[in-house]
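One structure is given here, and the rest of the page talks about it.
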Amino acid sequence: AQSVTQLGSHVSVSEGALVLLRCNYSSSVPPYLFWYVQYPNQGLQLLLKYTSAATLVKGINGFEAEFKKSETSFHLTKPSAHMSDAAEYFCAVNSGTSYGKLTFGQGTILTVHP
Amino acid sequence: NAGVTQTPKFQVLKTGQSMTLQCAQDMNHEYMSWYRQDPGMGLRLIHYSVGAGITDQGEVPNGYNVSRSTTEDFPLRLLSAAPSQTSVYFCASSTTPSSAEQYFGPGTRLTVT
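Order-wise, the sequence lines are chains A and B.
So the first sequence is numbered by the working numbering: it starts at 428 and just counts up by one.
So the second sequence is numbered by the working numbering: it starts at 500 and just counts up by one.
Listed below in structure tokens is the structure:
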């Protein structure tokens, strides 16, 4: 079984501040982990993914995430928020047992204040 | 290269009506799936297919049917619409490895009254 918990359904930061979106996962086997972003009225777009290579993964738009097996976490960070980062972010896990059967977290809405 | 396309973008149904949500991809992906998105619940897998002629149930399959006659198309059928099926529906496709990125369509917003 696999599951994902995103801590905080809403996160608000000021422009230029650090962005930290939290994700914890549960998986019975080494997982593949993903962060997707959804802008208003659009589909989901891949930000980055962890596939058991480097534990620190860099993605698009300056985002990165670190896989920590001991903490079962895959938190998303960005050093300096931009207004264009305002969106909903989803963490997802695939335990690798069945093709692309992703399990998503409930999502975190990021608001960026001027 | 259009990626993943979905039609219609919006739909309003009355309880008990049936309809088909269309999904097509032009990337020759073997894996296709349907998700529904509800506030505070993320995306939940409805049905998926690992190739033409092969489909299986996801987490929330009740009230939905799928078929996969070609690699490109993966329609989702609502047999008898219920208000609980009011949601935003996303189709996605990918290559078959579990580590592969899934490409999402723009979504269909369905309201059942």
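Virtual Cβ for every residue (Gly too), placed ideally from N, Cα, C.
Run down chain A in chain order and give the residues with a C-beta less than 9 Å from the C-beta of Leu544(B). Lys528, Leu529, Thr530 and Phe531, listed in chain order.
Beta-carbon gap between Leu577(B) and Tyr563(B) smaller than 8 Å: Yes, they are a contact pair.
Could you tell me which residues DSSP puts in a beta bridge with Ala591(B)? Partner(s): Ser532(B) and Phe603(B).
What residues in the stretch 593-609 of chain B have a beta carbon less than 7 Å from any beta carbon of chain A? Those would be Ser593, Thr595, Ser597, Ser598, Ala599, Glu600, Gln601, Phe603, Gly604, Pro605 and Gly606, in chain order.
Between which two residues does the beta strand (DSSP E) holding Ile545(B) run? Per DSSP, the unbroken beta strand (DSSP E) holding Ile545(B) starts and ends at Leu542 to Gly550.
Within 8 Å (strictly less), CB to CB, does Phe517(A) reach chain B? True, the Cβ-Cβ gap to chain B drops below 8 Å.
Where Met526(B) falls: helix, strand or coil (DSSP): Three-state DSSP puts Met526(B) in coil, outside helix and strand.
Is any beta-carbon of chain B found at less than 8 Å from that of Lys476(A)? Taking 8 Å as the CB threshold, Lys476(A) lines the interface with chain B.
Taking the continuous beta strand (DSSP E) assigned at Thr570(B), which residues delimit it? In the DSSP annotation of this structure, Thr570(B) is not part of any beta strand (DSSP E), being labelled neither H nor E.
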